[in-house]
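Chemist:
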Amino acid sequence: MLFRTLALSVALSMLMAACGGSSPSKPGDDPDPQPQPNRYGALSGTVADTAAGRPVEGTTIHAYNDQGRQVAQVNSDAEGRYTFAELPTGLYRLSLEKSGFAGSEVIGVNVYENQTTSLDIIQKTAFDPGATTTPPRLEVTLGEGELPSFTNSVTFRVRVADGAEYARPLRAIYAGVGRTPGDRLFAETRTSGNYVLQGGDDTGVQELSGAQLLGFGSAAGEQLSFETVAYDFNNNRVHLLRPMILKNTASSQQNNVIAPVDVKATAITLSQGRSLDAVQTLGLGGRELGRSLNRPAPLDAPHVYIQVSWCYLGTKANQLPFAFDVERSLDGQSYQKVGSVGGAASSSCANSDQRLTYVDNAASLRPGQRYHYRVIARGANRQTSTNSSTTMPLPVFNASPVSPADESMNVSPTPDFVVHHPQRAIGADGAFYVFSVLDNVTAASYAWRPLPDIFDQHWLYVEEGTGNSGNRVPEGKTWIYDSARRTYLDDGLVTGRNPAVLGYDVDRSEVRIPYNFDGSATLAELQSYRTYTWQLDYSVAYKYNAAEGYRIEAYSVDTVPVRDLFGKSQLATENFDFTVGAPEN
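In mature numbering (1 follows the signal peptide of the UniProt record, and there is no 0), the protein residues as written are -27 to -1, 1 to 558.
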């Protein structure tokens, strides 16, 4: 995300001054202009393969000045980071190239004197490495003059330039003000948003207004950047920035605000290297039964994002904030702003739908690093939230079926299903699962999907002990329970409540789930000589935050078939077919 606004006219004047020349002055002559000292700034950031994605190592980044001359180039490191330590001030175009990857360009980046501009860049894997890697060339119509001015709304048009070379058709065009536009998961909240056109090469005349501009602008006019992003069919990307002035007449700028409350930061790690621009769902109908899915290789650096939520209880008209600024810190002392959303209020924090949210999808976020967040309410005054919140993203979680093994024969009609549960290996405090057994012959319904509840959730929670600083289960012990808190293996923790119905092998980190242990299966035994498929529909690890009331501070998502829980779906990665043997006596 770019945190410096563009100043086209100022930058151009600086660049012209920096390039000026002179000759020695002579008595009686008007003195020639003296050469201006060179002015320099820096530009740095991270290259990732998607929003909140994994870093792209070894991509070459070329920096071109506003006259089209390349002035520098650098390569991204193993963390995807890049730095231009010394660039003459002015406007730049950045062009990225790497074998096997799509092209990516950012146009209109401003470098300021003695300052470091921060810019994260997306460079996706090419859909077809043999196709063109030239990003689409855009034409943007945005008001009049080099620095157009708007009041309360922004009218624009974005289209692909005539004769532009790119991989047709265009996948999407995004547009926004004050933030890099993109995926709705990251860009849209109750009080923020951007424009999206899917599958067209001309937006026509459009308007940004309402939630898309909340919290931006000022009564006198604030200089911001209009930003548009487009992807073509080969995933080539162009990101164009244009300077503009936004006047905002909202009366909330004059309100005396109070402090936000109940800030919570929750990290989400996505284990699969899938595009975050496409929502995928898991089909469980007959046509999907028996389909074999291959697990992608675990990512060295997974997709990570952090959702920050809070409440604001000042519901009086003169208390409504104009905006909220979200700040992040690595040490809990020195905070930096990472984004803003518009102001809003609610009389209660009890309803999660009334909480305000911001999603931090910076490419620099990493598992194992603790992050601190606070929220600033902004009106005529500024008020910092009554609390800060911390979270540490988890590494990738890869649970997997073990037994019955894939393609196994002569399986018992009442088998034990065994799942590898690598909770402790990634530093988590537990995981929840939903698994299902599918009849490949009838293809009509589940043969067994255990633990149905009134919400049809089927959750099974497994918590191998991590002590009082974690899940409060003693080390070496395990607690297994369902969404109704019914205990199925207490291992001495709680007596008299279905002890040892399920099993857990601490040395192997494996959960043993006997067929029909809950009595919900269609048949008391699976039918002999019939082939079934079993798979993990959901597998998600989590970690508690003992310092914040043992709330869950982080999730690591292996498999989630719907987008309801985390905004994105991840398909089941493995399913095992097995054939039941002869009936048991």
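For glycine and all other residues, C-beta sits at the position ideal for the given N, C-alpha and C.
Could you pull out every residue in the same chain whose Cβ sits closer than 7 Å to the Cβ of GLN46, ignoring the five residues on either side in sequence?
Modeler: These residues qualify, in order along the chain: THR33, ILE34, HIS35 and ALA36.
Chemist: From VAL392 to GLY166, what distance separates their C-alpha atoms?
Modeler: Near 41 Å, if we compare the C-alpha coordinates of GLY166 and VAL392.
Chemist: Which residues does DSSP pair with VAL446 in a beta bridge?
Modeler: Answer is none; VAL446 lacks a bridge partner.
Chemist: In chain order, what residues of the same chain have a beta carbon less than 6 Å from the beta carbon of VAL169, not counting five sequence neighbours either side?
Modeler: Once the five neighbours on either side are set aside, the close Cβ partners of VAL169 are TYR147.
Chemist: Which term fits SER493, buried or exposed, when burial requires 16 or more other beta carbons within 10 angstroms of its beta carbon?
Modeler: Result: exposed.
Chemist: Let me make sure I understand the geometry here. Which of ARG12, THR364, VAL44 and GLU498 has the alpha-carbon closest to that of ALA240?
Modeler: The candidate whose alpha carbon is nearest that of ALA240 is THR364.
Chemist: Could you pull out every residue in the same chain whose Cβ sits closer than 8 Å to the Cβ of ALA21, ignoring the five residues on either side in sequence?
Modeler: Excluding residues within five positions, the ones whose Cβ falls inside 8 Å are ARG27, PRO28, VAL29, GLY53, ASP93, ILE94, ILE95, GLN96 and ALA336.
Chemist: Spatial neighbours of PRO387 within its chain, please: CB distance less than 6 Å, with the 5 preceding and 5 following residues excluded, ordered by chain position.
Modeler: Correcting the residue identity first, residue 387 is Thr in this sequence and not Pro. These residues qualify, in order along the chain: TYR488 and GLU498.
Chemist: Rounded to a whole number of angstroms, what is the C-alpha to C-alpha distance between ILE486 and LEU475?
Modeler: Roughly 5 Å between the two C-alpha positions.
Chemist: Could you say which of VAL332, GLY14 and ALA232 lies nearest to THR357 if we only look at CA atoms?
Modeler: Here the closest residue by C-alpha is ALA232.
Chemist: Quick one, which of PRO340, GLY554, TYR331 and GLY440 has its alpha-carbon nearest ARG152's?
Modeler: When only C-alpha atoms are compared, the closest one is TYR331.
Chemist: From ARG459 to VAL299, what does the alpha carbon distance come to, in whole angstroms?
Modeler: Straight-line Cα distance between these residues: approximately 39 Å.
Chemist: Do VAL236 and ASN360 have their beta-carbon atoms positioned less than 8 Å apart in this structure?
Modeler: Yes. Within cutoff.
Chemist: For the 8 Å Cβ check, are there 3 or more pairs between the segment 339 to 357 and the segment 287 to 301?
Modeler: With the cut-off at 8 Å, the segment 339 to 357 and the segment 287 to 301 touch.
Chemist: Are the segment 215 to 222 and the segment 185 to 199 touching by the rule of at least three beta carbon pairs closer than 8 Å?
Modeler: Verdict: yes, contact present.
Chemist: What separation, rounded to the nearest whole angstrom, lies between the Cα atoms of PHE549 and TYR346?
Modeler: Distance between the alpha carbons of PHE549 and TYR346 is about 42 Å.
Chemist: Going by DSSP in three states, SER198 sits in which element: helix, strand or coil?
Modeler: It is a strand residue.
Chemist: Contact defined as beta carbons within less than 8 Å: I believe PHE129 pairs with GLN179. What is the distance between those atoms, to the nearest angstrom?
Modeler: About 6 Å; that satisfies the 8 Å criterion.
Chemist: Pick out whichever of VAL150, ASP50, ASN383 and PRO142 has its Cα sitting closest to the Cα of HIS212.
Modeler: Selected option, being the one with the closest Cα: VAL150.
Chemist: Is it buried or exposed for ASP175, if we count other Cβ within 10 angstroms and need 16 for buried?
Modeler: Counting Cβ neighbours within 10 Å, ASP175 comes out exposed, since fewer than 16 surround it.
Chemist: Let me know the secondary structure DSSP gives GLN40 once reduced to three states.
Modeler: Coil at GLN40, not helix or strand.
Chemist: Under the rule that 16 or more other beta-carbon atoms within 10 Å means buried, what is PRO142, buried or exposed?
Modeler: Exposed, because fewer than 16 other Cβ atoms sit within 10 Å of the Cβ of PRO142.
Chemist: Tell me which residue opens and which closes the beta strand (DSSP E) that GLY149 is part of.
Modeler: Note, GLY149: beta strand (DSSP E), 143 to 150.
Chemist: How about TYR278 and ASP333: do their beta carbons lie closer than 8 Å?
Modeler: Taking 8 Å as the Cβ cut-off, TYR278 and ASP333 qualify as a contacting pair.
Chemist: Closest to ASP39 by CA distance: which of ALA25, ALA404, THR56 and THR62 is it?
Modeler: Per the Cα distances, THR62.
Chemist: Taking only runs of the beta strand (DSSP E) that begin and end inside the segment 396 to 425, which ones reach a length of at least 3 residues, in chain order?
Modeler: Qualifying beta strand (DSSP E) stretches, in chain order: 403 to 412 and 419 to 421.
Chemist: Counting only the same chain and skipping the five closest in sequence on each side, list residues whose C-beta sits under 7 Å from that of TYR419.
Modeler: Cβ neighbours of TYR419 beyond the five flanking positions: SER409, VAL410 and LEU411.
Chemist: When we look at the beta-carbon of PRO102 and count the other beta-carbons within 10 Å, is it buried (16 or more) or exposed?
Modeler: Looking at its Cβ environment, which holds fewer than 16 other Cβ atoms inside 10 Å, PRO102 is exposed.
Chemist: Let me check understanding here. Comparing Cα to Cα, which of THR532, TYR505, ALA134 and GLY403 lies closest to ALA378?
Modeler: Out of THR532, TYR505, ALA134 and GLY403, TYR505 has the C-alpha closest to the C-alpha of ALA378.
Chemist: Might you give, ordered along the chain, the residues of its own chain that have their beta carbon closer than 7 Å to the beta carbon of ALA(-17), omitting 5 neighbours on each side?
Modeler: Bear in mind that a pLDDT of 34 at ALA(-17), under 50, signals an unreliable position, so the model cannot answer this.
Chemist: Should PHE390 go down as buried or exposed, given a rule of 16 or more other Cβ atoms within 10 Å for buried?
Modeler: Under this definition PHE390 is a buried residue.
Chemist: For GLU78, which residues from the same chain have a beta carbon less than 6 Å from its beta carbon, with the 5 sequence-adjacent residues on both sides left out?
Modeler: Same-chain partners within the cutoff: SER68, PRO108 and VAL211.
Chemist: DSSP state of ASP389, grouped into three classes?
Modeler: If DSSP states are grouped into helix, strand and coil, ASP389 belongs with the strands.
Chemist: Which residues in the same chain as PHE405 place their Cβ atom closer than 6 Å to its Cβ, once the five residues preceding and following it in sequence are excluded?
Modeler: Cβ neighbours of PHE405 beyond the five flanking positions: TRP432, TYR434 and VAL513.
Chemist: Leaving out five residues before and five after VAL311 in sequence, what residues of the same chain have Cβ atoms less than 7 Å from its Cβ?
Modeler: Correct list, in chain order: VAL299, GLU300, ARG301, ASP333 and ALA335.
Chemist: To which residues of the same chain is GLY31 closer than 7 Å at the C-beta, ignoring the five residues directly before and after it?
Modeler: Only ASN48, SER49 and LYS71 meet the Cβ criterion.
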